[in-house]
Structures are given as structure tokens and as C-alpha cells.
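In the numbering used here, the protein residues as written are 52 to 442.
The C-beta atom is built at its ideal place from N, Cα and C for all residues, glycine as well.
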Amino acid sequence: MNWNDKTAANVKAIKPSGIRKFFDIAAQVKGVLSLSIGEPDFAAPDKVLAAMKASLDAKETSYTGNSGMMELREAISHHFEQRYGVHYDPKDEILVTVGVSEGLAMALLAITEPGDEVIIPDPAYVAYPASVELAGGTPVFVPTYPEHDFKLTVEALEKVITPKTKAIVIGYPNNPTGTVMSAEELMPIAKFAEEHDLIVLSDEIYCELMYGDAKFTSFAKLPGMRERTVIFNGFSKAYAMTGMRLGYVCAPREGLAPILKLHQYAIMCANTTAQVGGITALKECDDDVEAMRQEYDRRRKVIYKGLCDMGLPVFEPKGAFYIFPDIRCTGMTSAEFCEKLVQEEKVAVVPGTAFGDQGEGFVRISYAASMDTIQEALKRMARFVAQYRKD
Ligand code: PLP
Numbered sequence: 052m053n054w055n056d057k058t059a060a061n062v063k064a065i066k067p068s069g070i071r072k073f074f075d076i077a078a079q080v081k082g083v084l085s086l087s088i089g090e091p092d093f094a095a096p097d098k099v100l101a102a103m104k105a106s107l108d109a110k111e112t113s114y115t116g117n118s119g120m121m122e123l124r125e126a127i128s129h130h131f132e133q134r135y136g137v138h139y140d141p142k143d144e145i146l147v148t149v150g151v152s153e154g155l156a157m158a159l160l161a162i163t164e165p166g167d168e169v170i171i172p173d174p175a176y177v178a179y180p181a182s183v184e185l186a187g188g189t190p191v192f193v194p195t196y197p198e199h200d201f202k203l204t205v206e207a208l209e210k211v212i213t214p215k216t217k218a219i220v221i222g223y224p225n226n227p228t229g230t231v232m233s234a235e236e237l238m239p240i241a242k243f244a245e246e247h248d249l250i251v252l253s254d255e256i257y258c259e260l261m262y263g264d265a266k267f268t269s270f271a272k273l274p275g276m277r278e279r280t281v282i283f284n285g286f287s288k289a290y291a292m293t294g295m296r297l298g299y300v301c302a303p304r305e306g307l308a309p310i311l312k313l314h315q316y317a318i319m320c321a322n323t324t325a326q327v328g329g330i331t332a333l334k335e336c337d338d339d340v341e342a343m344r345q346e347y348d349r350r351r352k353v354i355y356k357g358l359c360d361m362g363l364p365v366f367e368p369k370g371a372f373y374i375f376p377d378i379r380c381t382g383m384t385s386a387e388f389c390e391k392l393v394q395e396e397k398v399a400v401v402p403g404t405a406f407g408d409q410g411e412g413f414v415r416i417s418y419a420a421s422m423d424t425i426q427e428a429l430k431r432m433a434r435f436v437a438q439y440r441k442d
């Protein structure tokens, strides 16, 4: 049988992930120092693991309700209100999902009709355009620029808005750039969303990983935004629980209902044991999150200084665990730089172009790696840049 003929056209049209392709190249080189991974190098907090083990010992292996355990939704509601100042009713405004990944996919399926356009900043997380396409919509990229630390501006949005625009995806702190947008900087975007009656899909997965004087503002906290915003968050990054696949969606009840409808048929419910871990994470693990955040912050400072010392233009990232230096002084493309760096110095970083055309000339470096790895990788990178720089 010809499976290619039978595969859905919109699935075939999706480009393979630029990150995956680069991982495959790096995997062929032995003894690579990797600064390419977008996940914590820590394990989940011990208290989370203990709660999950106890739950399994008690043979709690059944489904939960479709929306997730009420105790977890209550904990999410409490946490979100305490920390970010927005209230969501645990009864029908919070849905527990299989990571932010599921939340995004279901939300886009719930709102997208053929011909709908969804605005996505460029560069951005790789799953956004793919999820829009899979939902039958058209991703429309809005460029962000290094001169503005890759912050989204209304001037750029004005150039891409059309009558077909249904929604805009935003994600700060940002993957791949580490950019954070303050409440003041987000305000014009909120006004723009209101003027054009857009849904805002706000991926806030890195909100606990903020540094220096930067302060996180949930998009739903901005005046008038709660009613048109869908918040995505989860346990993968702050709690180092990537493999447990646990996240959540918060939205006003009329916005959440169609997402829940899809979730209940496609997924049924998030993993029960992971949900038990999530309750403990929110109720008992603030200290663990803070300890990991402080360690990322130490690494962030080392890597920022290291890149500045080797003469690469770079802005100081204020969130997540990524930094996005400009490598144009080498005259190489992002992909050439990454391939040569891994082959000659055995250091793996990701081409900026994996995240969009605006990433050309930049590479994403993750500091979710040990300090020893970071220091040795910086040494090798400095040697590499000194050898190839053209200016
Ligand atoms: N959103 C962003 C911006 C990410 O960087 C990632 C993972 O790298 C995800 C979502 C996926 O999160 P989850 O593990 O909750 O599915």
C-alpha cells in the first residue's frame, strides 16, 4: 500500500522540526557537549516523586475526571491567583492537559476553521506553526528584531493583520531568545488584540524562570484581557517534570468548554500519577523551584559574560534558560555554524533558523546544562569564533 498517498495533505505539508534534524547530526559525533536541549537537567523534586510512589503503592491507577483531579485544579487556581493575580474557577475554567503541547494543539483545533490566520512571532517555539497547520489554519509570521531584543511590536503586527486573523500566539519568557516582555510592553499588544477582536493564546510555561529585575506578567492580568486570553502552563520546566507530561489550560468558561470537548475524546484525562505529583509540586515545592532558578541564574551570568568576552553581540536574557547570540561575524549561516562547531569542537547548539527565518545569523544556546559543561563549551566556542571571525 502507498502510505504516502494516503497520508493527510496538511500533515505532509508540515516541515520536519529543525531541532530534531540538528540533534540527529549531533548524535553522530561522539562525546559531544550539549547546550542544545530545551529541558531541565534536574530531576523532579523528591517530594513529587514520593507522592507519586505513594499513589502507585495505593494502587491509584484509574482514570480521573476529564478536566483533571479537582484537588489539582484547586491547587492550580490558588497558585495562579496568588502569584499572578488572576482568578480561574477550578470547576470549569481550568483543564489539566498532557503538557502545554496538548493544550496548544486542542485549543488551536477548537478555534481554527479553514482559512483562519493565526499570528505567530518569528522566531518562536517550533510547535506553534505546526499546531496551527494541523488545525487547518494558516500561520502568519510576524518578525521580531535583534535591535529590540526580539520583542513583539504593534508596528510589526499592523503589517500582518487581515480580516482573516483569528488569534495571536505569544510566549514570554521566550523560547528560543530568553526575551521577556514587561506589562508596559505588553499593553499595546493587548490594545491591538482588543481592537481587532483577537483570541490571545499565551504560552506561559517559563513564567517561574525569571532573572534580575524582570517581573512576569500573565497576559490575562492586563486590563480587559482575561476574557479573550487562553493561558497555557505546566510542570515541565519549573518543576523539572518534562517526562511526566503534565500541563494546564486556563480560560473563561465559554472559551474552555470547546477545548474540553476535544480533550475528553482525544485524551480522556492526563496521567493520574502525574496529576498526584502536580498537586505536591504546587503545594510543597516552592523551595525546589527557587533553588533550580538560582542555579540557572548563576549559569546565565557565566554564559552571558562568556559570549560577550568572545565578542559575540548578545542581549542579556531575562527568562527561560536560553540565550541567543548573533554569530554573523563568522560569515556563516546558523546551520553552517552549528554543524562546524559540533564537528570541530564537539559542542552542540541549535541554529536560530529552527525557530523561524528571523533566527538566521543567531544560535540558541541552552543553559540547562551543568556549570562544568557550560565552562568547557564556552572555552571551545571562543576558540572556534576567534578562528573564523571575519571582522
Ligand atoms: N512551550 C514552550 C515555549 C516550550 O519551550 C516547550 C518545550 O520545550 C513546550 C511548550 C512544551 O511543553 P510541555 O512539556 O508542557 O508539553
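Distance CB(residue i)-CB(residue j) smaller than 8 Å
| i | j | result |
| --- | --- | --- |
| L311 | N117 | yes |
| T268 | L237 | yes |
| E168 | G188 | yes |
| L146 | Y299 | yes |
| H314 | T148 | yes |
| V183 | P174 | no |
| V398 | M432 | yes |
| G320 | Y139 | Checking the sequence, you will find Cys at residue 320 rather than Gly. Cβ atoms of C320 and Y139: not closer than 8 Å. |
| G229 | Y373 | yes |
| G275 | E245 | yes |
| K272 | Y135 | yes |
| A126 | L333 | yes |
Near the ligand PLP: residue i beta-carbon under 7 Å from a heavy atom
| i | result |
| --- | --- |
| G298 | yes |
| Y223 | no |
| D473 | Because the chain spans 52 through 442 in this model, residue 473 falls outside it and cannot be assessed. |
| Y176 | yes |
| T293 | yes |
| N226 | yes |
| L340 | Checking the sequence, you will find Val at residue 340 rather than Leu. Answer for V340: no, Cβ out of range of the ligand PLP. |
| V183 | no |
| V281 | no |
| V151 | yes |
| T89 | Strictly speaking, residue 89 in this sequence is Gly, with Thr absent from that position. Yes. |
| S287 | yes |
Inter-residue spacing [alpha-carbon to alpha-carbon] between residue i and residue j
| i | j | result |
| --- | --- | --- |
| L132 | F73 | Note that residue 132 is Glu in the sequence shown, not Leu. Roughly 40 Å separates the two Cα atoms. |
| E90 | P165 | 34 Å |
| C37 | V231 | Because the chain is modelled from 52 through 442, residue 37 falls outside the range shown and cannot be assessed. |
| F366 | P224 | 14 Å |
| G306 | V281 | 8 Å |
| A77 | A405 | 15 Å |
| P96 | R296 | 15 Å |
| T324 | Y262 | 32 Å |
| G119 | G150 | 12 Å |
| F283 | D442 | 43 Å |
| S68 | A420 | 22 Å |
| V251 | A289 | 23 Å |
| I318 | Y114 | 11 Å |
| K265 | P368 | A small fix is needed here, since residue 265 is Ala in this sequence, not Lys. Looking at the two C-alpha atoms, the distance is approximately 10 Å. |
| R279 | M52 | 46 Å |
| I219 | W54 | 34 Å |
| I70 | S417 | 13 Å |
| C389 | E255 | 28 Å |
| D56 | A161 | 27 Å |
| A371 | A59 | 35 Å |
| T112 | R415 | 40 Å |
| V205 | G412 | 24 Å |
| V99 | F93 | 13 Å |
| P180 | E396 | 33 Å |
| G222 | S253 | 6 Å |
| V83 | Q438 | 20 Å |
| A64 | V177 | 15 Å |
| V436 | S287 | 33 Å |
| R434 | P227 | 24 Å |
beta-carbon residue i near the ligand FMN non-hydrogen atom, thresh 7 Å
| i | result |
| --- | --- |
| S385 | The ligand FMN is not part of this structure, which contains only the ligand PLP. |
ask   = What are the uninterrupted segments assigned as alpha helix (DSSP H) that are 4 or more residues long and contained completely in the stretch 64–147, given in chain order?
value = Fully enclosed alpha helix (DSSP H) runs of 4 or longer: 69–78, 97–108 and 121–135.
ask   = Can you list, in chain order, the stretches of the alpha helix (DSSP H) that have 4 or more residues and sit fully within the stretch 328–368?
value = Secondary structure in the stretch 328–368: the alpha helix (DSSP H) runs of 4 residues or longer, each lying completely within the stretch, are 337–360 in chain order.
task = Would you check if there are 3 or more beta carbon pairs closer than 8 Å linking the stretch 333–342 to the stretch 168–178?
result = No, because fewer than three Cβ pairs between the stretch 333–342 and the stretch 168–178 fall closer than 8 Å, the two stretches do not touch.
key: Touch test, the stretch 135–154 against the stretch 358–377, Cβ-Cβ under 8 Å, three pairs minimum   = Segments in contact, no.
message = Which complete alpha helix (DSSP H) runs does the stretch 251–286 hold, if anything under 4 residues is left out?
response = Counting only runs that start and end inside the stretch 251–286, there is no alpha helix (DSSP H) element of at least 4 residues.
inquiry  = I want to know whether the stretch 320–333 touches the stretch 97–115 - three or more CB-CB distances under 8 Å.
reply    = Because the criterion of three Cβ pairs below 8 Å is met, the stretch 320–333 and the stretch 97–115 touch.
Given 8 Å, three or more beta-carbon pairs between the stretch 425–433 and the stretch 341–360 = Cβ pair count under 8 Å is three or more, so yes.
task = Decide if the stretch 177–196 is in contact with the stretch 393–412; the criterion is three or more beta carbon pairs, one per stretch, under 8 Å apart.
result = Between the stretch 177–196 and the stretch 393–412 there are three or more inter-stretch CB-CB distances shorter than 8 Å, so the stretches are counted as touching.
query = Where are the beta strand (DSSP E) runs, 3 residues long or more, that stay fully inside the stretch 184–242, in chain order?
reply = Fully enclosed beta strand (DSSP E) runs of 3 or longer: 189–194 and 216–221.
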